[in-house]
Each structure stands twice: as C-alpha cells, then as structure tokens.
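Quick note: the sequence shown, position 232, residue 229 per our numbering, numbers continuous.
Built from N, CA and C at the ideal position, the CB exists for glycine as well.
Note that the coordinates shown come from a computational prediction; the quantities given were computed from them, not determined experimentally.
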Amino acid sequence: MEKLIITAAISGAELTKEQHPYLPVTPEEIVQEAIACREAGASIIHLHVRDEQGMATQDKECFRVAMEAIKARTDVIIQPSTGGAVGMTPEERLQPVSLQPEMATLTTGTVNFGSEVFYNSPKEIEQFAAYMLEMGVKPEIEVFDVGMINNAVNLEKKGLLTPPLHFDFVMGVPGAIPGTPKNLMHLVESIPPGSTWTVAGIGRAQLSLGALAILLGGNVRVGFEDNIYYAKGVPAKSNAELVARIARLAAELGREIATPQEARRILGLTKQP
Ligand code: KMH
Ligand code: ZN
-2 MEKLIITAAI
8 SGAELTKEQH
18 PYLPVTPEEI
28 VQEAIACREA
38 GASIIHLHVR
48 DEQGMATQDK
58 ECFRVAMEAI
68 KARTDVIIQP
78 STGGAVGMTP
88 EERLQPVSLQ
98 PEMATLTTGT
108 VNFGSEVFYN
118 SPKEIEQFAA
128 YMLEMGVKPE
138 IEVFDVGMIN
148 NAVNLEKKGL
158 LTPPLHFDFV
168 MGVPGAIPGT
178 PKNLMHLVES
188 IPPGSTWTVA
198 GIGRAQLSLG
208 ALAILLGGNV
218 RVGFEDNIYY
228 AKGVPAKSNA
238 ELVARIARLA
248 AELGREIATP
258 QEARRILGLT
268 KQP
C-alpha cells in the first residue's frame, strides 16, 4: 500500500471567526496553520483565502500573498480552491489557477449545498478543466455525489483530464452524498482503475471515513473547512490537532505518512513547486 497523503483543508469559504475563533483567516494565520499541519503530517494544504474583512475571496493577489508565504516557509503542496464560495462567478473562481499552482480543485457537477446550490454547469466544468490543462495544474476532482465521477470520466474521454485521475470524495454535505462507509465503498469502486482518491468527511464523518480510508489504501482530508470538532461538543483548537490524530491512527494501523515529496510522486505531480 502507498504511504498516506493527508490534506489539511484549513479554513474553507463558509466558516467565520465568530463561529470558530481558531479559524485561520489572515495570511500570517494561514501560514502558521500550514506549517503546523505539515509538522503534524499533512503534505497538501487545500487553500481558501479571505479579504481584509475576513470574507471569502478568490482574488488572485490574495492567493499570491498566501501562496508565496506558505512556499517560503514549508514544502507542502498548495492546492487552491476553484470552488470558492457559493454564488461566485466562474471567472472569479478560476483566478488562483493563473498562478500555476501544482494542484487545484475541480468540482464536476452541480449539487445542493445546505440551503444553497453549488453551481457547476457542464460548460463551466469544461472551461475549468481546459484552463487547468493549459496552466499545467493537476486537478483534484471534488466529488460531492456519485454522478460527478462519470462526468470526470467523460472529461478524460474528451482529453480535458489526464489520467491517472485524483478524486476527493466530499461526503456528508447536506444535499449531497451522505458520509457512510457503504457510500464510500461505492465511490471507491466507481472510479477508473489506477486513480488515486482521498476522502473529506463532513462533520462527524471526518473521523470515521478517514479511518476507513487509511485501511482501504485511500487518503484523508481533515480540517476546519469540513469539521470544527475534535469530539462531540469539543471544538478542535487547531487544524493540526485533526491532522495529528489521523497520523496517529495511521501509525497504529501500520500505514506510513507521505512527505510532500512522496505525495508528489504518488499523485504524479510533474510541475516544480
Ligand atoms: N465552498 C464550496 C462551495 C472547493 O474548494 O473546490 C466549494 C468548495 C470546493 O469548497
Ligand atoms: Zn474547499
């Protein structure tokens, strides 16, 4: 079995400091959190950024500042979001790809997202995939529901995605696929042979699905974007706490943790950071 890649999704776009005081929002807080997560065992930082008011933004310059600061102080793989926040335009969302990061996210379908709709039309998905291809950015395909896998396979047939594909199963968003072990098995069995995958369980599914992914040979995403609790009623004080727990579980189960350099090889990343 390959070593385990842990992704830390440290802030997301929806959560506020008022809801969770430990949320990193300023560039310095983001960098500190990225360093702590790397030390705890993460090799990828899934990145959203905020403006000076702490609101989610896809502004290229805000991403540039955060990415340069992270790169200067750690060797993690930086994976900007192209999902941004619900309601943003495709042009807004695509901005960080122009900075040519090693990876970026690509959601391959529209999905209900709590009380809102996370909109990704077929034309927009193709536009996103084509731009990532042009910029040499490896997509992490964000799968919120099972049909999104087939959409990705169709993009590969059109030459807009290059195998091996890498999937992130985001499970437990209200309105999308529930975060159950049975559903995870179905998703794993539905991706093309040779693909890699990680799982991002929302809320309490973060721990159970993460544990299952360690056993199944998949990879794990944790962090405040998906879950702010360490245990029922106990808020996590840092993203690194959540990363460290997955690293401990992996060690107990005999699965080694990948360094960023090892994660680059496993994911077939060719671009120099
Ligand atoms: N904030 C969500 C609407 C991604 O980063 O690519 C979308 C999201 C997915 O977070
Ligand atoms: Zn995200």
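Is there a Cβ from chain B that is less than 9 Å from the Cβ of Gly207?
No chain B appears in this structure, which consists of one protein chain only.
Beta carbon of Thr104, beta carbon of Phe141: below 9 Å?
yes
When a residue counts only if its C-beta is closer than 7 Å to some heavy atom of ligand 1, which residues count, in chain order?
Gly9, Ala10, Glu11, His43, His45, Ser78, Thr79, Gly80, Gly81, Ala82, Val83, Thr102, Thr104, Phe110, Phe115, Glu139, Glu222
Mind listing, in chain order, the continuous alpha helix (DSSP H) runs of no fewer than 4 residues lying wholly within the stretch 149 to 209?
Runs of the alpha helix (DSSP H) spanning 4 or more residues and lying entirely within the stretch 149 to 209 occur at 178 to 187, in chain order.
Minimum C-alpha distance to Lys14 - residue among Glu49, Gly200, Lys68:
Glu49
In the DSSP assignment, find the beta strand (DSSP E) that holds Leu103 and state where it starts and stops.
Segment 100 to 104, the beta strand (DSSP E) holding Leu103.
Tell me the start and end of each unbroken beta strand (DSSP E) in the stretch 90 to 138 that is at least 3 residues and wholly inside, in chain order.
100 to 104, 108 to 110, 113 to 115
Rounded to whole angstroms, what's the CA-CA distance from Glu89 to Leu96? Just pull it up for me.
13 Å
Starting from the Cα of Cys34, find the closest Cα among Pro270, Pro98, Thr256 and give me that residue.
Thr256
Sort Val62, Thr79, Phe221, Gln203 by Cα distance to Pro18 and report the nearest one.
When only C-alpha atoms are compared, the closest one is Phe221.
Can you tell me where the beta strand (DSSP E) with Asn216 in it begins and where it stops?
216 to 219
I want to check one thing, is the minimum distance from the CB of Ala6 to the heavy atoms of ligand 2 below 8 Å?
yes
The beta strand (DSSP E) spanning Ile74 covers which residue range?
74 to 77
DSSP-derived helix/strand/coil call for Ile32:
helix
Is there contact between the stretch 121 to 141 and the stretch 156 to 174, where contact requires at least three CB pairs shorter than 8 Å?
yes
Beta-carbon spacing of Gly80, Pro171 below 9 Å
no
Please report how far the alpha carbon of Glu137 lies from the alpha carbon of Leu158, in whole angstroms.
Taking the Cα positions, Glu137 is about 10 Å away from Leu158.
Is the stretch 174 to 189 close to the stretch 114 to 127, with three or more CB pairs under 8 Å?
no
Could you check whether Ile32 and Thr4 sit closer than 9 Å to each other, using their CB atoms as the reference points?
Result no, Cβ atoms of Thr4 and Ile32 do not sit closer than 9 Å.
Comparing alpha-carbon positions, which option in Ile67, Gly133, Ser78 lies nearest Ala53?
Just measuring C-alpha positions, the residue of Ile67, Gly133, Ser78 sitting nearest Ala53 is Ser78.
By Cβ distance below 7 Å, which residues in the same chain neighbour Gly265 in space, the five residues on each side in sequence not counted?
The residues are Pro161.
So, using beta-carbon positions, are Ala63 and Val83 closer together than 9 Å?
no
For Ile3, three-class secondary structure by DSSP
strand
Mapping DSSP to helix, strand and coil, what is Val46?
strand
Return the residue from the list Gln16, Ser205, Leu44 that minimises the CA-CA distance to Val28.
Leu44
Tell me whether the beta-carbon of Leu181 lies closer than 9 Å to the beta-carbon of Leu213.
yes
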